[in-house]
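A.B. asks:
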Amino acid sequence: MVPPLEGFWWQDGADGIDYAHKENFHWISVIRLPDFVTKEDFEWAVSEATRKKKTDFSKVEFLTVDEGLCVQCMHIGSYDDEPATVRMMHDFMEEQGYELDITDKRLHHEIYLSDARKVAPEKLRTVIRHPIVRSM
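Following this note's numbering, the numbering of the sequence shown begins with 706 at its first residue and continues without gaps.
#1: Roughly how many whole angstroms lie between the Cα atoms of D717 and L812?
#2: DSSP beta-bridge partners for T831?
#3: What whole-angstrom Cβ distance do L829 and G782 have, given they're in contact under 8 Å?
#4: Could you name the residues that DSSP lists as bridge partners for F838?
#5: Please give me, in chain order, every unbroken run of the alpha helix (DSSP H) with length at least 4 that falls completely inside the region 744-790.
#6: Rounding to the nearest angstrom, what Cα-Cα distance links P708 and D720 in this structure?
#7: Got a sec? Which residues, its chain only, sit under 7 Å from L768 by beta carbon, not counting five neighbours each side?
#8: Measuring only the C-alpha atoms, how far is W714 from D723?
#9: In angstroms, rounded to a whole number, what distance separates the CA positions of D806 and L774?
#10: Using beta carbons (cut-off 8 Å, strictly below), is L774 in contact with chain C?
#11: Tell me, to the nearest whole angstrom, how far the beta carbon of R765 is from that of Y803; I am working on the premise that it is less than 8 Å.
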């Protein structure tokens, strides 16, 4: 089984995520690897894939992410409708005594459980995860 595609999103100079300016989004796509896969295993796989597929994988990297404390929610629907789900997440977070902690190291995170090429937009399932900290 292949784990779902995931994405980390950010905007330079934005406080959190500004959905009104999607043209300013930066992102990386990731696929979670099992814990037993080492960096050496990964480098071997990249080397083999490069050799066999004759493709440039030079931008592929082994990345370790420790997200820390987060709030997350299953969003069902179009990616364009995500702001409503994010508002609900943030309301819940604040009610529980937390605040958003999106920084240059802690990013907006999406886990794509549906294949957007095969599923109608209104049925897309996406886990949205935001880093949080206890309010002072």
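Ideal Cβ positions, reconstructed from N, Cα and C, are used throughout, including at glycine.
C.D. replies: In terms of the structure at hand:
#1: 12 Å
#2: H780 and Y817
#3: 6 Å
#4: Note on identity: in this sequence residue 838 is Val, with Phe being the wrong assignment. In the DSSP output, where bridge partners are listed per residue, V838 has E804.
#5: 744-758
#6: 30 Å
#7: V735
#8: 11 Å
#9: 9 Å
#10: Protein chains in the displayed structure number just one, and chain C is not present.
#11: First, the amino acid is wrong: residue 765 is Val here, not Arg. Not confirmed; about 34 Å, so no contact.
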